[in-house]
Amino acid sequence: MAGYISDDTRKVTTHRLTEMKERGEKISMLTSYDYTMAQIVDGAGIDVILVGDSASNVMAGNVTTLPITLDQMIYHGKSVVKAVKRSLVVVDMPFGSYQGNSKEGLASAIRIMKETHADCIKLEGGEEIIETVKRILCAGIPIMGHLGLMPQSINKYGTYTVRAKSEEEAEKLISDAHLLEDAGCFALVLEKIPAELAARVAAELTIPVIGIGAGGDVDGQVLVIQDMLGMNNGFRPRFLRRYADLFTVMTDAISRYVSDVKNRDFPNEKEQY
């Protein structure tokens with residue numbers, strides 16, 4: 492089945508995302524962590540590439556996002572930016588790089604922007620980090636917020652279950668969303684919350700709201716690239732749609748290569764100098 496093809500090669504900016512929301516055009520967003528994958532994703536027409544701290548999981552094999560460092564995020568960010576011509580590139584601020592105080596947060600954000608040449612940064616939290624958000628924005632650095640399930644706070648909650656199911660938690664999320672918009676964030680990610688709540692937030696805010704496990708009545712969707720390509724064989728959350736089975740495809744290709752080498756079928760005469 493044919494995919495979506497756009498002839499618009501203009502660079503995606505934060506302003507263009509706002510325009511997309513205003514005209515009702517959905518925003519597409521995927522993660523990438525390296526040059527090769529980012530080149531493919533950008534070329535396929537994705538609007539936003541997130542250099543996520545999920546690299547801690549899918550690239551480094553950690554159980555949580557907590558271990559990844561600022562230096563490592565900058566490394567991944569540099570690699571992605573070099574490949575991208577059109578997509579907006581967002582780099583996650585890792586755990587420990589902004590929670591201490593607003594000056595520390597600003598210093599971390601400046602490093603990311605200067606060393607990766609990314610377009611903007613993303614961080615998790617609402618009222619608790621609002622002073623950091625304001626300080627970073629005052630430096631001219633665009634911020635994408637993140638509420639709902641916040642993986643950097645996994646040890647606080649102890650589980651990756653759906654967030655904001657209680658009235659109290661839902662009201663806090665709505666309040667935090669407005670705080671982030673009022674502070675100047677250009678967009679907001681909502682992760683793993685009830686679809687009805689996400690729809691309400693998207694309707695109330697003027698900035699784009701991008702969901703992951705947050706239903707279809709938001710302004711866009713984001714997934715981890717390895718998940719939607721079927722590379723993580725055992726990971727099948729309810730919100731995930733797999734568009735390929737690369738685990739099987741790659742396993743088969745590698746197995747055939749091993750067989751050809753063992754059987755002296757590779758290289759053949761045409762594959763030699």
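Using this note's numbering, the first residue of the sequence shown is number 492, and each one after it goes up by one. Think of the CB as a built atom: it goes at the ideal place given N, C-alpha and C, for glycine as much as any other residue.
For the segment 685 to 757, which segments carrying the alpha helix (DSSP H) assignment without a break, of at least 4 residues, lie completely within its bounds, in sequence order?
686 to 695, 716 to 719, 737 to 753
Can you tell me the Cα-Cα spacing of Leu614 and Ala678, whole angstroms?
11 Å
Mind the definition here: the segment 633 to 641 touches the segment 564 to 577 only if three or more C-beta pairs lie below 8 Å; say whether that holds.
no
Measuring alpha carbon to alpha carbon, tell me which residue in Gly515, Pro633, Asp538, Glu687 is nearest Ser523.
Asp538
Where do the N-terminal and C-terminal ends of the alpha helix (DSSP H) with Gly534 fall, by residue?
Run containing Gly534: 526 to 534, per the alpha helix (DSSP H) assignment.
Using the beta-carbon count (16 or more within 10 Å), is Thr527 buried or exposed?
exposed
Where do the ends of the beta strand (DSSP E) carrying Gly794 lie?
Residue 794 lies beyond the residue range present for the chain, which begins at 492 and ends at 764; the question has no answer from this structure.
Which two residues bound the contiguous beta strand (DSSP E) that contains Lys613?
611 to 613
Considering only C-alpha positions, which residue in the set Lys761, Thr504, Thr607 is nearest to Tyr566?
Thr607
Just tell me which of Asp544, Asp710, Ala693, Val692 has its CA closest to the CA of Phe586.
Asp544
Can you give the beta carbon distance from Ala690 to Val709, rounded, assuming they're within the 8 Å contact cut?
7 Å
Looking at C-beta atoms only, is the number of pairs between the segment 686 to 701 and the segment 619 to 628 that lie closer than 8 Å three or more?
no
Of the choices Ile716, Leu714, His669, whose alpha-carbon is the least far from that of Ala693?
His669
Does the segment 713 to 733 touch the segment 512 to 522, meaning 3 or more C-beta pairs lie closer than 8 Å?
Yes: the two stretches touch, three or more of their Cβ pairs being nearer than 8 Å.
Using only the alpha-carbon positions, how far apart do Gly452 and Ile698 sit?
Examination of residue 452 is not possible in this model, given that the chain is present from 492 through 764 alone.
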